[in-house]
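Top to bottom, those sequences are chains A, B and C.
First residue of the first sequence: 1, per the numbering used here; consecutive thereafter.
First residue of the second sequence: 1, per the numbering used here; consecutive thereafter.
First residue of the third sequence: 1, per the numbering used here; consecutive thereafter.
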Amino acid sequence: MNGLDASFRLARADFELIADLTIPARGVTALFGPSGSGKTTLLRCLAGLEPEARGHLQLDGEVWQDDTRSVFVAPHRRALGFVFQDTRLFPHLNVRANLDYGRRRAHPIDTRHIQQERFEHIVELLGLSGLLERYPAQLSGGEQQRTAIGRALLTQPRLLLMDEPLAALDAARKRDILPYLDELRRALDIPVVYVTHAIDEVSRLADHLVLIESGQVQASGDLMPLLSRLEYPLAHGEGAMTLIEARIAGHDDAYHLSDLAFAGGSLTVSRQPGEIGDRVRVAVHARDVSIALAPTSQSSILNVLPATVAEISQEDPARVTLRLRLLRPGRKGAADAGSEEDVFLLARITRKSCERLELAPGREVYAQVKSVALVG
Amino acid sequence: MLAAGIALGAPAAAAHDGEVNVAVAANFLSTSRALARRFMADHQARVLISSGSTGKLYAQIRHGAPYDLFLAADVRRPRKLEQAGLIVRDSRFTYAVGRLVLWSRDPRQVDTDGRNLKHGRIARLAIANPKTAPYGAAARTALQRLGLWSRYRQDLVRGENVGQTFQFAVTGNVDAAFVALSQISDPHHPQGGSRWIVPERLYPRIEQQAVLLKNAAANPAAADFANFLHSAAARAIIERYGYGVPALRDRQAQRRQPTP
Amino acid sequence: MQDLDLTPLWLTLELAAVTTVILLLLGTPLAWWLARTRSRLKTPIEAVIALPLVLPPTVLGFYLLIGLGPDGIVGGPWRAMTGGALAVTFPGLVIGSVLYSLPFVVQPLQNTFETIGNPLLEAAATLRAGPLDRFFTVVLPLARGGFITGATLGFAHTVGEFGVVLMIGGNVPGKTQVISIAIYDHVEALEYAQAHLLSAGLLAFSFVVLFLVYTLNRRWRPALGR
Numbered sequence: 001m002n003g004l005d006a007s008f009r010l011a012r013a014d015f016e017l018i019a020d021l022t023i024p025a026r027g028v029t030a031l032f033g034p035s036g037s038g039k040t041t042l043l044r045c046l047a048g049l050e051p052e053a054r055g056h057l058q059l060d061g062e063v064w065q066d067d068t069r070s071v072f073v074a075p076h077r078r079a080l081g082f083v084f085q086d087t088r089l090f091p092h093l094n095v096r097a098n099l100d101y102g103r104r105r106a107h108p109i110d111t112r113h114i115q116q117e118r119f120e121h122i123v124e125l126l127g128l129s130g131l132l133e134r135y136p137a138q139l140s141g142g143e144q145q146r147t148a149i150g151r152a153l154l155t156q157p158r159l160l161l162m163d164e165p166l167a168a169l170d171a172a173r174k175r176d177i178l179p180y181l182d183e184l185r186r187a188l189d190i191p192v193v194y195v196t197h198a199i200d201e202v203s204r205l206a207d208h209l210v211l212i213e214s215g216q217v218q219a220s221g222d223l224m225p226l227l228s229r230l231e232y233p234l235a236h237g238e239g240a241m242t243l244i245e246a247r248i249a250g251h252d253d254a255y256h257l258s259d260l261a262f263a264g265g266s267l268t269v270s271r272q273p274g275e276i277g278d279r280v281r282v283a284v285h286a287r288d289v290s291i292a293l294a295p296t297s298q299s300s301i302l303n304v305l306p307a308t309v310a311e312i313s314q315e316d317p318a319r320v321t322l323r324l325r326l327l328r329p330g331r332k333g334a335a336d337a338g339s340e341e342d343v344f345l346l347a348r349i350t351r352k353s354c355e356r357l358e359l360a361p362g363r364e365v366y367a368q369v370k371s372v373a374l375v376g
Numbered sequence: 001m002l003a004a005g006i007a008l009g010a011p012a013a014a015a016h017d018g019e020v021n022v023a024v025a026a027n028f029l030s031t032s033r034a035l036a037r038r039f040m041a042d043h044q045a046r047v048l049i050s051s052g053s054t055g056k057l058y059a060q061i062r063h064g065a066p067y068d069l070f071l072a073a074d075v076r077r078p079r080k081l082e083q084a085g086l087i088v089r090d091s092r093f094t095y096a097v098g099r100l101v102l103w104s105r106d107p108r109q110v111d112t113d114g115r116n117l118k119h120g121r122i123a124r125l126a127i128a129n130p131k132t133a134p135y136g137a138a139a140r141t142a143l144q145r146l147g148l149w150s151r152y153r154q155d156l157v158r159g160e161n162v163g164q165t166f167q168f169a170v171t172g173n174v175d176a177a178f179v180a181l182s183q184i185s186d187p188h189h190p191q192g193g194s195r196w197i198v199p200e201r202l203y204p205r206i207e208q209q210a211v212l213l214k215n216a217a218a219n220p221a222a223a224d225f226a227n228f229l230h231s232a233a234a235r236a237i238i239e240r241y242g243y244g245v246p247a248l249r250d251r252q253a254q255r256r257q258p259t260p
Numbered sequence: 001m002q003d004l005d006l007t008p009l010w011l012t013l014e015l016a017a018v019t020t021v022i023l024l025l026l027g028t029p030l031a032w033w034l035a036r037t038r039s040r041l042k043t044p045i046e047a048v049i050a051l052p053l054v055l056p057p058t059v060l061g062f063y064l065l066i067g068l069g070p071d072g073i074v075g076g077p078w079r080a081m082t083g084g085a086l087a088v089t090f091p092g093l094v095i096g097s098v099l100y101s102l103p104f105v106v107q108p109l110q111n112t113f114e115t116i117g118n119p120l121l122e123a124a125a126t127l128r129a130g131p132l133d134r135f136f137t138v139v140l141p142l143a144r145g146g147f148i149t150g151a152t153l154g155f156a157h158t159v160g161e162f163g164v165v166l167m168i169g170g171n172v173p174g175k176t177q178v179i180s181i182a183i184y185d186h187v188e189a190l191e192y193a194q195a196h197l198l199s200a201g202l203l204a205f206s207f208v209v210l211f212l213v214y215t216l217n218r219r220w221r222p223a224l225g226r
């Protein structure tokens, strides 16, 4: 599978969209940026809903738009699913009929048996069993959105586009629906492009990230490395964090703790459900990381990771953000040049401390992680 | 005063300011305009003409329409007005005798003997509504006497009045129509086409009578106009427009007849 | 009183029904286009469609008299094809009625289509529905109210047509003598008893029809709730 390759230009009232985009063939790619940055517009261009957009788009070798050859495949002929922010369920059809709308028009046409299986599978995946006879007006926001997702999936899309699906939901509904999205993420074999302005959704669901601002793509790539890059606004602001993919390495039943192993070392967290070897994703907020020049056992903090200062950037008059390269277990010293597999950690400390400790790029330090959050 | 008017033709120009509201049957419209122009040349009054089918105007007058004079296309309705006491005493008189004609704008549709009509070769035929227009009633009688009524009545187009009937023929929306001879004799709008002047024996004489309505009792200009219609100048106009005029002697005899 | 002839009533209903059906068939694509186009032609066309709302029927009647006549833009070809007249016939009346009642059908439809707007259509497109499919499965069901309103107004307006018919109808019993003309006829001829009966009958009939339609409309119309 080749993934998606696209490039668009579109002039809008308040900005011009100029975007080049490559999206991997599997996994969730978050299209992230502030409101009005053009992410929804870009998503609509992928769907063919903006016929004035110039450019090209190809998925898996199939060309959906190519201006140089005057090719433009109409939206209804593209094998994609689209989940709108306002759900857009058909008010004159109940849930079952809404779901069927997509199913009946899907290509290729499978046997009835397979179709039925697929229907039941998706209904179960999204928890829609009890809702099939209801009409959209009788559903909660979360139920509506799940129906919309199911409807899109039943068209057997080769690409799933989701436009801020949680934006219209309150915190409680969001919490309800996120497990379904987790499940979806694991179950789907097709690329998903997920537009959002909420970093917590990104951290929980995304594998890849496209950063967009004022109609231009600022960065795109795997999520975790991008989060720690100081060039991007992600590393600044209160939500700055590092995402880490780890595996459960062991449990400490006596103290009700678990050990997580990852490329940059190991972390101790409270006891995790799950087996040894299970993958977990954790977030370490920059504000929860402090710096020491020497390891000490005279501290309550259990997670202390040796690292080298890679970069320092001033955050505001009082604080700085540090980008630390974690030393791989088994390596000594900072002799290795930075490589792609290095794991970076963000830390935020006062400028005063930074100067007092004489921190500078290259300095060997110890990162003390006070708190680790599970994200999925 | 009436006698003096008759003797001298146009009355001496005693200027009367005022308006005369005249209701005229549709067939007489262009003629009445010519008469009004002639009248107003010598008088100060203004003549305002309203036109419609005789039946329609009659109904309006019965319901109080404020006309001064009513120039009908029959005798029946003026007589009924007289019976109802709605006219100035003794003011009912015949002002014209109408002629029925079958006319088409197409020179080939109507022949001078009416043979095309008699042989049913006219596809669409129009008459004025017999219930309200005397010319329509006359046309119906003519068709009945020719034994053609049942053949034509199915698709017979009926104009609201003889004016509209004529319009159907002028625009070609019917092949031929029964109209008043005066309508195709207007010197200002000569009409070509083809015509058959319907023989008088086929329809009851269209005697067109006028009455001075009670409204007008206090309107000297109205009386002036009524007198004017008896004058030689008026009669000449009326004849020029394709009507007959009753002989003077007939009219005097008329006036002496007691009202039934 | 001579026997009351009810032919004008059936003729009127027939005329109104035929006109309404034609207007729905012609008006739907027209209203759809108007609701969605951004062409510069949109406003002039809307203005033309709205003309029968403001013009006295005599204007329309006059142009029809000419246009449907044998030299006319429509009447000429008609005569060439069928050898017959158009104006003073039932087909001629249908043409006149279609023009006369056009805005009463097109405008409610256009409003409804505009209310439905784009969002659901985009969703349907992403669910593999092509343009015709989208129209029949999404727009039509949601536009039911607009169709009912348009059809009712078109029908009722045609039943009440008078001025245009007076000018081009020719008052042919059984062909162009619609009920409004028949009533007028009776009044002119001072046949008030018949006029009363026909008028009262038409009034009652119209009221019942409108009442039924408004009631059913309320019950059937699905909420567009978003």
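The beta-carbon is built from N, C-alpha and C at its ideal position, and this holds for glycine as well.
Remember, predicted model here, so these are calculated numbers, not experimental data.
Quick one: grab the DSSP three-state call for residue i.
i	result
E364(A)	strand
R195(B)	strand
A249(A)	strand
P56(C)	coil
D71(C)	coil
L6(C)	coil
P246(B)	coil
R325(A)	strand
A126(B)	strand
T94(B)	strand
A122(C)	Checking the displayed sequence, the identity of residue 122(C) turns out to be Glu instead of Ala. Helix.
Q216(A)	strand
E200(B)	helix
A6(A)	strand
Q208(B)	strand
Quickly, what does DSSP pair residue i with across the bridge? List them, please.
i	result
I87(B)	L213(B)
M241(A)	H285(A)
R36(C)	None; R36(C) has no bridge partner.
I276(A)	Answer is none; I276(A) lacks a bridge partner.
Find the nearest neighbour of residue i within the set the options, judged by alpha-carbon distance.
i	options	result
M224(A)	N303(A), V343(A) and R112(A)	V343(A)
P361(A)	S371(A), R328(A) and T321(A)	T321(A)
A169(B)	R105(B), L213(B) and L81(B)	R105(B)
L146(B)	S30(B), N116(B) and E19(B)	N116(B)
E46(C)	V59(C), T89(C) and A31(C)	A31(C)
R62(B)	I49(C), V187(C) and P108(C)	V187(C)
E62(A)	V193(A), L159(A), V309(A) and Y366(A)	L159(A)
G84(C)	G85(B), G98(B), R124(B) and T94(B)	R124(B)
A106(A)	L93(A), A152(A) and P91(A)	A152(A)
E16(A)	G33(A), A6(A), A53(A) and A30(A)	A53(A)
Cβ atoms of residue j and residue i: under 9 Å apart, would you say?
i	j	result
V369(A)	V304(A)	yes
G150(C)	V178(C)	no
I248(A)	I276(A)	yes
A126(B)	Y203(B)	no
A232(B)	D68(B)	no
L42(A)	I212(A)	yes
T54(B)	A133(B)	yes
W196(B)	D111(B)	yes
The stretch 91-101 of chain C touching the stretch 59-74 of chain C, judged by at least three CB pairs closer than 8 Å: yes
The stretch 151-158 of chain C / the stretch 115-128 of chain A touching (three or more Cβ pairs under 8 Å): no
Given 8 Å, three or more beta-carbon pairs between the stretch 183-201 of chain B and the stretch 45-63 of chain B: no
Touching by the beta-carbon criterion (3+ pairs, under 8 Å), the stretch 47-64 of chain C and the stretch 127-136 of chain C: As far as the Cβ criterion goes, the stretch 47-64 of chain C does not touch the stretch 127-136 of chain C, which means the pair count is below three.
Meets three-Cβ-pair contact criterion under 8 Å: the stretch 112-120 of chain A and the stretch 186-195 of chain A: Contact between the stretch 112-120 of chain A and the stretch 186-195 of chain A is absent, because fewer than three Cβ pairs lie under 8 Å.
Contact the stretch 28-42 of chain A vs the stretch 63-70 of chain A: 3+ CB pairs below 8 Å: no
Cβ pair count under 8 Å reaching 3, the stretch 79-91 of chain A against the stretch 137-147 of chain A: Yes, since at least three Cβ pairs between the stretch 79-91 of chain A and the stretch 137-147 of chain A fall closer than 8 Å, the two stretches touch.
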